[in-house]
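Heads up: the structure comes next, in structure tokens.
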Amino acid sequence: MKVLVVGGGGREHALIRKIKESERVDSVACCPGNGGISYDAQCYNVSATDIDGVVHLAKEIKADFVVIAPDDPLVAGMVDALNEAGFKTFGPKANAAIIEGSKVFSKNLMLKYNIPTAQYRVFDNADDAVEYIRNKNEFPTVIKADGLALGKGVIIPESLEEAQAGVKEIMEDKVFGDSGNHIVIEEFLTGPEVSVLAFTDGKCVKPMVSSMDHKRALDGDRGLNTGGMGTVSPNPYYTDAVAKECMEKIFIPTIHAMNAEGRTFKGCLYFGLMITPKGPKVIEYNCRFGDPETQVVLPRLKTDIMDIFDAINNETLSELDIEWSDDACACVIMASGGYPKSYPKGIEIKGLENGQMHGVTVYHAGTSLDGDKLVTSGGRVLGVTALGSSLEKALEKSYCAVKKIEFDNAHYRRDIGKKALHAQKM
Ligand code: AMP
Ligand code: GLY
Numbered sequence: 271m272k273v274l275v276v277g278g279g280g281r282e283h284a285l286i287r288k289i290k291e292s293e294r295v296d297s298v299a300c301c302p303g304n305g306g307i308s309y310d311a312q313c314y315n316v317s318a319t320d321i322d323g324v325v326h327l328a329k330e331i332k333a334d335f336v337v338i339a340p341d342d343p344l345v346a347g348m349v350d351a352l353n354e355a356g357f358k359t360f361g362p363k364a365n366a367a368i369i370e371g372s373k374v375f376s377k378n379l380m381l382k383y384n385i386p387t388a389q390y391r392v393f394d395n396a397d398d399a400v401e402y403i404r405n406k407n408e409f410p411t412v413i414k415a416d417g418l419a420l421g422k423g424v425i426i427p428e429s430l431e432e433a434q435a436g437v438k439e440i441m442e443d444k445v446f447g448d449s450g451n452h453i454v455i456e457e458f459l460t461g462p463e464v465s466v467l468a469f470t471d472g473k474c475v476k477p478m479v480s481s482m483d484h485k486r487a488l489d490g491d492r493g494l495n496t497g498g499m500g501t502v503s504p505n506p507y508y509t510d511a512v513a514k515e516c517m518e519k520i521f522i523p524t525i526h527a528m529n530a531e532g533r534t535f536k537g538c539l540y541f542g543l544m545i546t547p548k549g550p551k552v553i554e555y556n557c558r559f560g561d562p563e564t565q566v567v568l569p570r571l572k573t574d575i576m577d578i579f580d581a582i583n584n585e586t587l588s589e590l591d592i593e594w595s596d597d598a599c600a601c602v603i604m605a606s607g608g609y610p611k612s613y614p615k616g617i618e619i620k621g622l623e624n625g626q627m628h629g630v631t632v633y634h635a636g637t638s639l640d641g642d643k644l645v646t647s648g649g650r651v652l653g654v655t656a657l658g659s660s661l662e663k664a665l666e667k668s669y670c671a672v673k674k675i676e677f678d679n680a681h682y683r684r685d686i687g688k689k690a691l692h693a694q695k696m
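Under the working numbering, the first residue of the sequence shown is numbered 271, with each subsequent residue one higher.
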């Protein structure tokens, strides 16, 4: 088989590595991919959001299967277009990807089907939104742009002034474009966060092993929100009891709800959960693999991923036994100095050989090749990932490798996994 992976970050690199393990796969292609990915897959210069371009490429290279990883092409209907052109795909159709594409949709879905989430109100007018926040007078509060916003569409104001500024930015200055035509204002929840990615064919749902993201830029969960600065798996807060409750109250009801709405979800559904004092609640749904969650979850997968993708297409997922390794996994993101704000590109990366280092797996998020030099080309540059018989050992391996990789102004958090290690001891 020839498999085409759409996207070009660390998540896609992790998918490609796992797909290449399949005995049924002869070659993997990627569009647009990146410098480091090009060691593992033939990369084509077609944007991940160019639906016509990707359909054309799939025809040209005679792809047998197309995996669509990022949110925007899924929400825009790339799977629908590829299926119409006769290709087998992994990923939800547009009418199901809306579960991530519109927060108004997902909040209304949870309310209608009694799936635990933060209380909320929807607004299409800035004055009404501010009036509501003023009357409620509870801070922090949470403001979310309705549509996709590169993971940055959430503001957590500590005061009315901050909230006013946030509402204005989203609804009037349109910093997230049309994503901000509607906003959700919701109750601020507390508790540890857990990411659970789940395979589903619309009939059954099979959660993968859990993980923990580290969204803030700086140690101690300070600084700006980022796409994620590191991950560990498993997440110690996701105990068997919590898993059982999530299955009963969140995972199965969500799959049923989507079916009942005529929006059957097939693919990877990402549950962003908060384990509140009142039980697990949904913070967000994503219609895709998480980044950098995938980088710590897929290395633990023992089952052939192509068998899983086929079972989802054939709606036979319930018959497939998916196996996971007991090892722990840690991924430390090395980012460009300045990320998530502006950062330089084109800086040489030293310490890797063919993009890799012995003993760890380096997933490339933002690199490109300049002749035979590997250089930075994005905010998140590398995800240095290791498996270990314990989380401590996995982290030790990752950090040991990180210290040997160099590029000017490289920035990484020194405390990935620290909270998880602490929770393990309790
Ligand atoms: P999201 O993009 O929806 O995942 O939100 C980004 C981050 O904002 C989450 O990972 C949480 O840390 C935080 N967040 C979102 N919604 C809430 C909420 N209702 N209460 C507290 N924190 C939240
Ligand atoms: N790491 C969070 C996400 O993929 O949305």
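Cβ atoms here follow ideal geometry from the backbone N, Cα and C, with glycine treated the same way.
Closest in C-alpha terms to residue 578, from the list 288, 493 and 274, comes 288.
Scanning its chain for C-beta atoms nearer than 8 angstroms, with the 5 sequence neighbours on each side dropped, one finds around residue 632 the residues 306, 622, 625, 626, 652, 653, 654, 655, 671 and 675, in chain order. Excluding five sequence positions before and after residue 520, the CB atoms of its chain that fall closer than 7 angstroms to its own CB belong to 385, 386, 541, 550 and 552, given in chain order.
If you draw a 10 Å sphere on the C-beta of residue 414, you find 16 or more other C-beta atoms in it, and that means buried. For residue 436, the CB contacts under 8 angstroms within the same chain, skipping 5 residues up- and downstream, are 413, 425 and 427 in chain order. Taking the C-beta atoms as reference points, residue 338 is found no nearer than 8 angstroms to residue 319. Fewer than three pairs of CB atoms, one per stretch, sit closer than 8 angstroms, so the region 638-649 makes no contact with the region 657-673. Taking the C-beta atoms as reference points, residue 285 is found no nearer than 8 angstroms to residue 328. Cβ contact annotation for residue 480 (same chain, cutoff 6 angstroms, sequence separation greater than five): 464, 466, 504, 505 and 508, in chain order.
For residue 566, the CB contacts under 8 angstroms within the same chain, skipping 5 residues up- and downstream, are 481, 501, 502, 503, 599, 600, 601 and 655 in chain order.
No Cβ-Cβ contact shorter than 8 angstroms links residue 325 with residue 301. CA-to-CA, the gap between residue 446 and residue 440 works out to about 6 angstroms.
If you draw a straight line from the Cα of residue 310 to the Cα of residue 469, it comes to about 25 angstroms. Judged by DSSP secondary structure, residue 322 falls within the alpha helix (DSSP H) whose first and last residues are 321-330. Sorted by position in the chain, 388, 412, 414, 421, 423, 424, 426, 456, 457, 458, 459, 460, 463, 485, 495, 542, 544, 553 and 554 make up the residues whose C-beta lies under 7 angstroms from a heavy atom of the ligand AMP.
In this structure residue 347 does not touch residue 417 by the C-beta definition: roughly 15 angstroms separates them, more than the 8 angstroms allowed. Restricting attention to alpha helix (DSSP H) runs no shorter than 4 residues, the region 652-690 encloses them at 661-672, ordered along the chain.
Residue 562 sits buried, since 16 or more C-beta atoms from the chains shown fall within 10 Å of its C-beta. Of the residues assessed, residue 614 falls on the exposed side of the cut-off, its CB having fewer than 16 other CB atoms within 10 angstroms. Three or more beta-carbon pairs separated by less than 8 angstroms are not found between the region 489-496 and the region 590-599, which leaves the two stretches without contact.
As the crow flies, the alpha-carbon of residue 410 is around 17 angstroms from that of residue 422. In the three-state scheme derived from DSSP, where H, G and I count as helix and E and B as strand, residue 543 is classed as strand.
Listed in chain order, the non-local C-beta contacts of residue 296 below 7 angstroms within the same chain comprise 271 and 272, local neighbours out to five positions each way being set aside. Contact check for residue 293 against residue 389 fails: the beta carbons are separated by 8 angstroms or more. Taking a C-beta distance under 8 angstroms as the contact criterion, residue 393 and residue 455 qualify as a contact pair.
Here the distance from the Cβ of residue 340 to the nearest heavy atom of the ligand GLY is not below 7 angstroms. Look at residue 556: its beta carbon is less than 7 angstroms from one of the heavy atoms in the ligand GLY. The three-state secondary structure of residue 300, taken from DSSP, is strand.
Of the residues assessed, residue 696 falls on the exposed side of the cut-off, its CB having fewer than 16 other CB atoms within 10 angstroms. Residue 550 is bridged by DSSP to 545. 8 angstroms or more divides the Cβ of residue 487 from the Cβ of residue 379.
In the three-state scheme derived from DSSP, where H, G and I count as helix and E and B as strand, residue 628 is classed as coil. The alpha-carbon separation between residue 344 and residue 314 amounts to approximately 19 angstroms.
Looking at the DSSP output, residue 275 sits in a beta bridge with 300 and 337.
Secondary structure at residue 384: coil, using DSSP grouped into helix, strand and coil.
Secondary-structure assignment with DSSP links residue 537 through a beta bridge to 470.
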